[in-house]
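Undergrad:
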Amino acid sequence: MLRYSLNRLSGIGEYIFQPSDNPDNGNQFESSDQQDYLAVNVYDTITIENSLINVFTPPNGYYDMPNYTKGRLAATAFRTRQSDNWNYKYYRYDERGRVKKMWLMLDGLELKTVNYEYNSQDMVKSLNYNSGADFKRYRYRYNNAGRLQAVDTYEGPESSDDPLFYQSFTDYEYNPNSFIVTNNFLGCFTGSSLGFFYRRVPA
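This note's numbering puts the first residue of the sequence shown at 67, with every later residue one more than the last.
#1: Provide the residue(s) that pair with Ser-192 in DSSP beta bridges, ordered along the chain.
#2: Is the separation between the beta-carbon of Tyr-218 and that of Arg-205 shorter than 7 angstroms?
#3: For Gln-148, does the three-state DSSP call read helix, strand or coil?
#4: List the whole-angstrom C-beta distance separating Glu-221 from Gln-233, where the pair is believed to meet the contact cut-off of C-beta under 8 angstroms.
#5: In whole angstroms, what is the alpha-carbon distance linking Tyr-154 and Lys-178?
#6: Give the secondary structure of Phe-231 by DSSP, where H, G and I count as helix, E and B as strand, and everything else as coil.
#7: If distances are taken between C-alpha atoms only, which option among Gln-215, Ile-112 and Leu-175 comes closest to Asp-200?
#8: Looking only at C-alpha atoms, which of Tyr-208, Phe-122 and Ala-211 sits nearest to Trp-152?
#9: Would Pro-125 pass as a contact of Trp-169 if the rule is Cβ separation under 7 angstroms?
#10: Please report the straight-line C-alpha distance between Val-247 and Asp-160, rounded to a whole angstrom.
#11: Determine the contact status of Leu-141 and Ile-112, defining contact as a CB-CB distance below 7 angstroms.
#12: In its own chain, which residues sit with a C-beta less than 8 angstroms from the C-beta of Tyr-134, not counting the 5 before and 5 after it?
#13: From the beta carbon of Val-108, is the nearest beta carbon of chain D less than 7 angstroms away?
#14: By the DSSP assignment, the beta strand (DSSP E) with Gln-215 in it spans what residues?
#15: Which word fits Ile-82, buried or exposed, when buried means at least 16 other C-beta atoms lie within 10 angstroms of its C-beta?
#16: Run through DSSP, which three-state label would Asp-102 get?
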C-alpha cells in the first residue's frame, strides 16, 4: 500500500484499501498505527503534523545549522518487516537544494553520517563518510563533457585533504556518443570493456 500527500510519497505499508477510500474526491484512509507501515517519509519539517506516525527523533546536531528542507524530503523511517525496529535517514540541504549531509541511523549500529560537496555544475565532487575509525573520503572527477571520469579514495589523515593521499579506485573511458567503453578498477584493467555497433547496443 502506498500513501501520498501533495503527490509526495508519505508511506508504504501492508494494509489494504479501506471502503471509505475514494480516488475521485481524494478521500484516503491514513492509519496512525506504526505497525501498518514499512516506510514513512516526512517533508518540509520534522513534526508530528507532517508525519503519518510519530516515530521521528532527529539526531544530535540536526538543528545546529539551517537544513533548508522546505519542499523537500526531510527524513525517512524504514524497515523490512513490521516486526523490525525502525531505521532512519535524516537530510540537510544547502540553499540550492542539494543534499549536504545525511544521517543514517540503523538499528543496533552507531550513527553514521555522509557529507557531500559539489562543483559549480551541481555534481558531487567529494563525499566524506563518517568520522574516526570508520572515516572514508571519496573524490569524483569529471571530464569536460560532465561525464564521470574517475573516483578516487583518500588514504590520508581525516584532518587534512592532501592530494598526494588520493588513490585511483575506478575510472571510465567513453566513446564519442558518451557510452562507456572501458571501466578500470584500482589502477589496472580489472573491469569491463564494451563495444557498440551502429544501433548502440553492446556488442
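Think of the CB as a built atom: it goes at the ideal place given N, C-alpha and C, for glycine as much as any other residue.
Given the structure is predicted, the values throughout are model-derived calculations rather than measurements.
TA: On the basis of the supplied data:
#1: For Ser-192, which the question treats as bridged, DSSP gives the partners Glu-183 and Arg-205.
#2: Correcting the residue identity first, residue 218 is Asp in this sequence and not Tyr. In this structure, Asp-218 lies near Arg-205, with their beta-carbon atoms less than 7 angstroms apart.
#3: In the three-state scheme derived from DSSP, where H, G and I count as helix and E and B as strand, Gln-148 is classed as coil.
#4: 6 angstroms between Cβ atoms; contact.
#5: Straight-line spacing of the CA atoms in Tyr-154 and Lys-178 works out to 11 angstroms.
#6: Phe-231 carries a helical assignment under DSSP once its states are collapsed to helix, strand and coil.
#7: The shortest C-alpha separation from Asp-200 is found at Leu-175.
#8: Residue Phe-122 is the option with its Cα nearest to Trp-152.
#9: The Cβ-Cβ distance between Pro-125 and Trp-169 falls below 7 angstroms.
#10: The C-alpha of Asp-160 is placed about 35 angstroms away from the C-alpha of Val-247.
#11: Note on residue identity: the sequence assigns Ala, not Leu, to residue 141. A contact, by the Cβ cut-off of 7 angstroms.
#12: Correct list, in chain order: Arg-158, Tyr-159, Asp-160, Glu-161 and Gly-163.
#13: Annotation note: the requested chain D is absent from the structure, which comprises a single protein chain.
#14: Note, Gln-215: beta strand (DSSP E), 214-220.
#15: With a pLDDT of 47 at Ile-82, under the threshold of 50, the modelled position of that residue is not reliable, and the figure given next carries that caveat. Exposed, since its Cβ has fewer than 16 Cβ neighbours within 10 Å.
#16: Helix at Asp-102.
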